[in-house]
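Following: one structure in structure tokens, then a few remarks.
Number of protein chains: 2
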Amino acid sequence: MTDTARGSGVVDTYGTVLDLIRSHGTVSRTELVGRSGLTSPSITRIVRQMLEDGLVTEVGTGDFTGGKRRTLLQLNASARRAVGVLIDEVDVTVVLTDLHGQVLARRVARGAGNRIPERVVPKVVAEVESLVQGEGLDRQAILGVGVATNGLQDTREHGLRADLHATEWQHFPLARVLGEALGCPVVTENDATSAAIGEYWTQRLPTAHTFAVVYMTSGFGLGLVNRGEVYRGASSNVGEIGHVTVDPAGPECVCGRRGCLHAVGGNVAVVRQAYDLGLETELGLKGTPRSAPKDFHKISKAAADGHPEAEGVIQRAADALASVLVSISNVLDLDQIVFAGPGFGPSVQRYADTAAERLRSYAYVRAVHTTLVTISTLGVDAAALGAASLVLHERLTTNRPGSR
Amino acid sequence: MTDTARGSGVVDTYGTVLDLIRSHGTVSRTELVGRSGLTSPSITRIVRQMLEDGLVTEVGTGDFTGGKRRTLLQLNASARRAVGVLIDEVDVTVVLTDLHGQVLARRVARGAGNRIPERVVPKVVAEVESLVQGEGLDRQAILGVGVATNGLQDTREHGLRADLHATEWQHFPLARVLGEALGCPVVTENDATSAAIGEYWTQRLPTAHTFAVVYMTSGFGLGLVNRGEVYRGASSNVGEIGHVTVDPAGPECVCGRRGCLHAVGGNVAVVRQAYDLGLETELGLKGTPRSAPKDFHKISKAAADGHPEAEGVIQRAADALASVLVSISNVLDLDQIVFAGPGFGPSVQRYADTAAERLRSYAYVRAVHTTLVTISTLGVDAAALGAASLVLHERLTTNRPGSR
């Protein structure tokens, strides 16, 4: 595993076959020939290499099809381990995973808040080292570390441009600094994209599926996987649905426009609306910029518990997000939308139901196919898991930018 | 060339190499090895097949690099011909193209209007036959016909679900009926997606480019090519930017929501605004639903000629589209947006300038990279050309849905 990205136009036969084995669970060489479009000798050669690499194992035989019984292949889950890290304002989540994306161990530490990288990065290094050592592993057992963040990605510098709130994160070469400290390869990725990769990888979604993960932490993001290909656009800065206009007459947004989803239904906006209703004491809100995620969580919980005014506030936010998701679905033509991330809190079902109902009524494609709406079962781990799978799974890294 | 679509997870080595040769103009086998990720024997084998197929030719030698001079390869433009057809309400455009997407001949006929398929399809057949015979070719010289339409695509039936205005187009198996009449393979595609493919194919855009074509006929569409891969989503019904919300307090839209781009800045909306200003007599507007594209064109021309009130109306429509394009760019992270299609009329530069200015000010990625805004040089041919290239270019068809 290296961090050398390759442009498109590159044929990654090994990665394609690995992904087919992943998505099928168990599969024969004959099926791989049929599904990959590769020749039988090519499949034989690639599978032999995978067996040598220990990535796949042979697991007995499939149905009798007239000739000899076919040997089936599956991923050798314990063949590789990687670490995934999510750095956001509220939490730093570190997971150790195997090749199936199974979480073998997890640590959660204090988030970046508005602290500078020099204070946050050593903590991340210590968390990764504690996790690895706690499992009785040494660093050599780890293929690498994937890091998901919510900042504007700078894939050329493998760092961030902004958004983790201290301006010192601008141009901070996160991948290089972490890599030097940990002595292993480090790749970085947008948190929503990471969550989509985590969902795709661990939920065995079919390769022909087009789906998006709507991800909420302190802000919104959308990760997109189109028929087995992670959509990264020009520079991995995709899915900024927080800056899709909901209402041009709405409040000013940090981005300079008016009425973006972030300004209308983001956590700060929701907290402000709760204050406008005088709910701050009853719900125990703090009302500072840094407390917004925790304040939002309290409002989301109150709404889930049936507090009528909290329900109203959360419903308006869910309506705003649903409106954006109908618009975005009309552009992206999605099979499925998955709600994920730590941000939605206990009202996540209300968000999902609202979006599902709007899509049933208004999605352009509704006469052709449904748009399934689900809630991720990965909990807060989706982004960290996806970041780890970036390290585990070459194929998902072949269309990474960085060396364009 | 067949119409058998394959799901993703399929490795199309031949198509990948063909696309690399296309995008480079001339290229050596050594460069193809470096850029494709394939082995030297594989490249040798694929190129030998392409030479046998007549798709590429050897064109002398490149720079001296220490060893022997390298033979360069390029597409053999005249090796294949295909027909591309755009069927929309206003016009039917038929083009004959070679492997470079050069238009060898063109015919334009009356559009579908609100006529039923049984009246339109025979005319299309006659136009295609006239075009082919007029060039002294027989049908066998044509690989196939690609058809771009603005309807809701039904890729399973290779037909349409709606939108060409007569309801008889619902479930009409356009590809099958045309194929039987013409005796050659027919593929269908969304018009905006076709225009994006046409742009990609004929303008030699780099394979690592992520760009969208904003396409306007009687409605809006957006075609997306991400790093050499056509984005088709779940069912080829992508890019419906006409049904992205601009203003939730805006007028009702045909889709059931309020204030979609179509309802705020589509041609019917623009014509209505011109009527509200009393411009109908001065500009010679007819004001019927069917006259909307032509009425819009007159308003667009008046604006381009400096008519102040027409400028105001068109500017508001351009503002609405620009707002949507900023939102969409924030989701898709685009290198470039190309304005295309017959719909914008003489004010297309105003639309492009407005979008460019908004993107410079507000695009989320503006600190990382610019979003280039250009106007297609393909004129009204973009969609028909793209549809033809679907037939010419296997690779661009490998991720077509239909046999998912």
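Residue numbers (this note's numbering), protein chains in the order written: chain A, -11 to 392; chain B, -11 to 392. Using N, Cα and C, we set each Cβ at its ideal position, and we do this for glycine too.
| Query | Result |
| --- | --- |
| Bridge partner(s) assigned by DSSP for Cys241(B) | Answer by DSSP bridge pairing: none, since Cys241(B) is not bridged. |
| Buried versus exposed call for Leu274(B) [16 or more other C-beta atoms within 10 Å across all chains shown] | One point to set straight first is that residue 274(B) is Lys, not Leu, in the sequence displayed. Per the 10 Å Cβ criterion, exposed. |
| Test item: CB-CB of His377(A) and Ile75(A) under 8 Å | Reading the sequence as shown, one finds Ser at residue 377(A) and not His. Against a cut-off of 8 Å, the Cβ pair of Ile75(A) and Ser377(A) comes out as no contact. |
| The beta strand (DSSP E) enclosing Asp79(B), as first and last residue numbers | 79 to 85 |
| From Ala370(B), Ile130(B), Leu271(B), residue whose alpha carbon lies closest to that of His295(B) | Leu271(B) |
| Sequence ranges, alpha helix (DSSP H) only - wholly within the stretch 100 to 141 of chain A, length at least 4 | 105 to 122 |
| Closest residue to Ser311(A) among Thr358(A), Cys248(A), Asp369(A), Cys243(A) (Cα-Cα distance) | Cys248(A) |
| Chain A within 8 Å of Asp321(B), Cβ atoms only | yes |
| Minimum C-alpha distance to Gly254(A) - residue among Ala237(A), Val226(A), Leu267(A), Asp283(A) | Asp283(A) |
| Beta carbon proximity, Ser311(B) to chain A, threshold 8 Å | yes |
| Touching by the beta-carbon criterion (3+ pairs, under 8 Å), the stretch 296 to 306 of chain B and the stretch 197 to 205 of chain A | no |
| Cβ pair Val165(B), Gly227(A) closer than 8 Å | no |
| Alpha carbon of Ser206(A) to alpha carbon of Gly139(A), nearest angstrom | 11 Å |
| Short CB-CB distance (under 8 Å) between Leu380(B) and chain A | no |
| Interface positions of the stretch 198 to 230 of chain B facing chain A (Cβ-Cβ less than 9 Å), listed along the chain | Thr198, Phe199, Leu210, Leu212, Asn214, Arg215, Gly216, Glu217, Tyr219, Arg220, Gly221, Ala222, Ser223, Ser224, Asn225, Val226, Gly227, Glu228, Ile229, Gly230 |
| Nearest-angstrom beta carbon gap, Leu63(A) and Val44(A) [assumed within contact, 8 Å] | 6 Å |
| Per-residue burial, Gly132(A) [other beta carbons within 10 Å of its own, 16 or more giving buried] | buried |
| Neighbourhood of Lys286(A) by C-beta, 7 Å cutoff - its chain only, sequence neighbours within 5 removed | Leu271, Gly272, Leu273 |
| 8 Å Cβ cutoff, Asn138(B) in contact with chain A | no |
| is_contact[Val232(B), chain A] using C-beta, thresh 8 Å | yes |
| Proximity test, Cβ basis, 8 Å: Gly25(B) and chain A | yes |
| Residue burial classification, Thr49(A) (beta-carbon count within 10 angstroms, cutoff 16) | exposed |
| Residue from Val113(A), Cys243(A), Ser11(A) whose Cα sits closest to the Cα of Val314(B) | Cys243(A) |
| Buried/exposed call for Ser349(B), threshold 16 Cβ in 10 Å | exposed |
| First and last residue of the uninterrupted beta strand (DSSP E) at Phe327(B) | 324 to 328 |
| Opening and closing residue of the alpha helix (DSSP H) in which Arg33(A) lies | 28 to 41 |
| Contact check, Val353(B) vs Asn225(A), beta carbons under 8 Å | yes |
| Closer than 8 Å to chain A by CB, His357(B) | yes |
| Short CB-CB distance (under 8 Å) between Val361(B) and chain A | no |
| C-alpha gap between Glu268(B) and Pro236(A), whole angstroms | 29 Å |
| Status (buried if at least 16 other CB within 10 Å, exposed otherwise) for Leu60(B) | buried |
| Chain B residues whose Cβ lies nearer than 8 Å to that of Pro236(A) | Val234, Asp235, Ser311 |
| Below-8 Å beta-carbon distance, Ile185(A) vs any chain B residue | no |
| Whole-angstrom distance between Glu217(B) and Gly22(A), CA atom to CA atom | 22 Å |
| Spatial distance of Val120(A) from Pro239(A) (CA atoms) | 46 Å |
| Beta-carbon neighbours of Gly244(B), restricted to chain A and to distances below 7 Å | Ser349, Tyr350 |
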